[in-house]
């Protein structure tokens, strides 16, 4: 059974406790494939992305946990995901991420990997693409891509990351719900969803929005039915 | 480049600048060299000779810089600003040892995670000045092979970000025989820390790659000085072994020590790759270290740690990497964890496993081909 960790986003310190659940689930000596495609474009930014992930890994390593990673970027050969203990897809521009993954054939590789029992971590954009629709982050569609469908691997939910419970964000979500028939899981930073053999559970808070229905607040440990 | 709102005007400005240095745009977007312009300039003295050469920065950057390790000569601008120097009309040439960890798992002959970045940087210059620098960049290559048919350039704009600094840059990339060889970068509005802007122009190439691409002897290896390890049919494999120990040596020389936190974590990753990739070939790590150390020392790298100290640290870390490999292999094959300190010597590590583990684990460990690095 696959295991998905979908984070609402946030920096290394903010999402530390949710990230710990992911790193704790890995083997003692684990090799992670890191995909920064949503973010990296230039040489400097690519190296900075690697530095960032290295810092994240460092904060979860200890004398008994030997973590390592390989970075995969646009232009690289498609990897054999059997060589990795987990895949980590980082944040950035969600539309860019989806388009690059699809264009290079990596989206199908990831879908297959998850369906075959792989461990997947999606941070912000990396979480949104696992959901049903990208309409939740449509302001990121800077190049007017016509495709808005995510992988739809989480029971028809769509993810709204970096949710701050502000009136402005609530209005945006209500508007999306009125325009499209979506169930939206709004995730604050340092909150997330975990999908495994026990079902889909919440870490932190999750607000479920659906057209003409009351918003439901789920808290840590609750299973989403 | 100066922004002109009308896109057509911007294109014509680029056309003017490229035509001025003898470039002609092909329908496929590539810029080709004009024979009449470039045949005159070959072998002429460089127009950038007067620019002073400065001492390179350390490989390890202070906290707060864009990257953990210096990844380009142009990062010297961060050093200048840290030293409260107002960026205005600085000009410098630099042969900067750099580390680009992003290539750690993509190495093949012709590429490396550490190299000498030879760069010419000028501040407070115009786009015309920049294109003159690019012309010189082309001439530098033509002086190695004057066949202009082998060259083309790609010109594109890119958005970039250094920490909090965001800017747009014009990038001119020179290709020879289809291989990327040199690059020119022009940032018309580089944000200074005082909130003002300054223009920055740079031309740059990796010394190793430049020399390798322009090699006269096609058998010449990318890593000069390491020829004894190469065979004609295994160049990529050899490069994958040499590269991590060569870069690890550079880090160790500059005082980086292995750790699970950066910068030591990056060093740990490299040593792990060396141990894994060298398992079959069994090249002498001592010899590779000597060659690497001498190479960096000969390229202005300060040996904060001496060769003996570097050797000791490296061997200890290789031992650790091999122990981690054992832990990983056992966990993969049996699903069981080994709770023995991976920092022990190989013999002590094995002794403790043999005295505390079931036969299933012991037989797996005994099947692994182990080296004694101590």
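Protein chains in written order, with our numbering: chain A, 568 to 792; chain B, 1343 to 1716. Note that the Cβ used here is the ideal one computed from N, Cα and C, for glycine as well.
Exercise. Since residue 621 of chain A meets chain B, which of its residues come closer than 7 Å, beta carbon to beta carbon?
Worked result: Within chain B, the residues near residue 621 of chain A are 1604, 1607, 1608.
Problem set entry | Between the CA atoms of residue 703 of chain A and residue 1574 of chain B - distance to the nearest angstrom | Roughly 55 Å separates the two Cα atoms.
Exercise. If the cut is a Cβ gap below 9 Å, which residues of chain A does residue 1504 of chain B touch?
Worked result: Here the neighbours are 611, 612, 615.
Exercise. Can you find a CB in chain B that lies within less than 7 Å of the CB of residue 594 of chain A?
Worked result: At least one CB of chain B lies nearer than 7 Å to the CB of residue 594 of chain A.
Exercise. Would DSSP call residue 1345 of chain B helix, strand or coil?
Worked result: Note that residue 1345 of chain B has pLDDT 47, beneath the 50 cutoff, so the model's placement of it is unreliable and the number below is only indicative. Looking at residue 1345 of chain B - three-state DSSP - the assignment turns out to be coil, as it is neither helix nor strand.
For this session: Would you mind working out which of B:1474, B:1404, B:1558 sits nearest residue 1423 of chain B, comparing C-alpha positions?
Result: Checked all of B:1474, B:1404, B:1558; the closest Cα to residue 1423 of chain B is B:1404.
Exercise. Beta carbon of residue 1490 of chain B, beta carbon of residue 1581 of chain B: below 7 Å?
Worked result: It is not a contact, given that the beta carbons lie outside the stated cut-off.
Exercise. Does the Cβ-Cβ distance between residue 1456 of chain B and residue 1589 of chain B come in under 7 Å?
Worked result: Contact flag set, yes.
For this session: Can you tell me which of B:1607, B:1685, B:1716, B:1684 puts its alpha carbon nearest to the alpha carbon of residue 1443 of chain B?
Result: Minimum Cα distance to residue 1443 of chain B is reached at B:1607.
Exercise. Considering only residues of the stretch 1577–1617 of chain B, which uninterrupted alpha helix (DSSP H) runs meet the minimum length of 4 residues and lie entirely inside it, listed in chain order?
Worked result: The stretch 1577–1617 of chain B is shown to contain whole alpha helix (DSSP H) runs of 4 or more residues at 1577–1595, in chain order.
Exercise. How about residue 1447 of chain B: is its C-beta nearer than 7 Å to some C-beta of chain A?
Worked result: Yes, residue 1447 of chain B lies at the interface with chain A (some Cβ there is under 7 Å from its Cβ).
Exercise. Where residue 1388 of chain B and residue 1476 of chain B are concerned, what is the direct C-alpha to C-alpha distance, given to the nearest angstrom?
Worked result: Using only the alpha carbons, I get a separation of about 12 Å.
Exercise. Which partner residues of residue 1504 of chain B appear in the DSSP bridge assignment?
Worked result: For residue 1504 of chain B, which the question treats as bridged, DSSP gives the partners B:1507.
For this session: Note the first and the last residue of the continuous beta strand (DSSP E) segment covering residue 1531 of chain B.
Result: Taken as a continuous stretch (DSSP letters only), the beta strand (DSSP E) holding residue 1531 of chain B covers 1521–1533.
For this session: Using a Cβ cut-off of 7 Å, pull out every chain B residue sitting near residue 661 of chain A, in sequence order please.
Result: Against chain B, the beta carbon of residue 661 of chain A has no neighbour under 7 Å; the closest one sits roughly 17 Å away.
For this session: Leaving out five residues on either side along the sequence, give the residues of the same chain with a beta carbon under 6 Å from the beta carbon of residue 691 of chain A.
Result: Excluding sequence positions up to five before and after residue 691 of chain A, its CB lies within less than 6 Å of the CB of 576, 658, 728, all in the same chain and listed in chain order.
Problem set entry | Other residues of its chain near residue 1680 of chain B: CB distance less than 8 Å, five sequence neighbours each side excluded | Excluding sequence neighbours, residue 1680 of chain B sits near 1668, 1669, 1672, 1673, 1695, 1699, 1703.
Exercise. Rounded to a whole number of angstroms, what is the C-alpha to C-alpha distance between residue 1394 of chain B and residue 1472 of chain B?
Worked result: Cα to Cα, residue 1394 of chain B sits roughly 17 Å from residue 1472 of chain B.
Exercise. Could you give the distance in angstroms between the alpha-carbon of residue 1550 of chain B and the alpha-carbon of residue 1609 of chain B?
Worked result: If you take the alpha carbons of residue 1550 of chain B and residue 1609 of chain B, they lie about 21 Å apart.
Exercise. Is the stretch 624–636 of chain A in contact with the stretch 597–609 of chain A, if contact means three or more CB pairs nearer than 8 Å?
Worked result: These segments touch.
Problem set entry | Burial state of residue 1343 of chain B, where buried means 16 or more other Cβ atoms lie within 10 Å | Any reading at residue 1343 of chain B needs caution, since the residue's pLDDT is 48, under 50, leaving its predicted position unreliable; the model's value is listed next. Residue 1343 of chain B comes out buried.
For this session: Go to residue 1365 of chain B, then tell me how far its beta strand (DSSP E) extends in each direction, as first and last residue.
Result: Residues 1365–1367.
For this session: Alpha carbon to alpha carbon, how far is residue 1645 of chain B from residue 1605 of chain B? Give it in angstroms, no decimals.
Result: Rounded to whole angstroms, residue 1605 of chain B and residue 1645 of chain B show a C-alpha spacing of 17 Å.
For this session: Determine the contact status of residue 768 of chain A and residue 681 of chain A, defining contact as a CB-CB distance below 7 Å.
Result: No; because the gap between Cβ atoms is not below 7 Å, this pair is not in contact.
Exercise. Is the beta carbon of residue 1486 of chain B sitting closer than 7 Å to the one on residue 1547 of chain B?
Worked result: No, these two residues do not count as a Cβ contact at 7 Å.
Exercise. Ends of the alpha helix (DSSP H) at residue 1473 of chain B?
Worked result: Here the alpha helix (DSSP H) through residue 1473 of chain B covers 1469–1484.
Problem set entry | Cutoff 7 Å; reference residue 1568 of chain B; Cβ partners in own chain excluding five residues on either side | Within the same chain, residue 1568 of chain B has close Cβ partners 1584, 1633.
Exercise. Does residue 1345 of chain B come within less than 7 Å of chain A when only Cβ atoms are used?
Worked result: Caution is warranted here: a pLDDT of 47 is assigned to residue 1345 of chain B, below 50, making its placement in the model unreliable, and the coordinate value is therefore given only provisionally. Not one chain A Cβ lies under 7 Å of residue 1345 of chain B.
Exercise. Is there a Cβ from chain B that is less than 7 Å from the Cβ of residue 590 of chain A?
Worked result: By this cut-off, residue 590 of chain A is not an interface position.
For this session: Specify, as a first and last residue, the run of the alpha helix (DSSP H) that residue 583 of chain A falls within.
Result: 583–591 is the extent of the alpha helix (DSSP H) around residue 583 of chain A.
For this session: Give me whichever residues DSSP pairs with residue 1464 of chain B in a beta bridge.
Result: Per DSSP, the beta bridge partners of residue 1464 of chain B are B:1433, B:1543.
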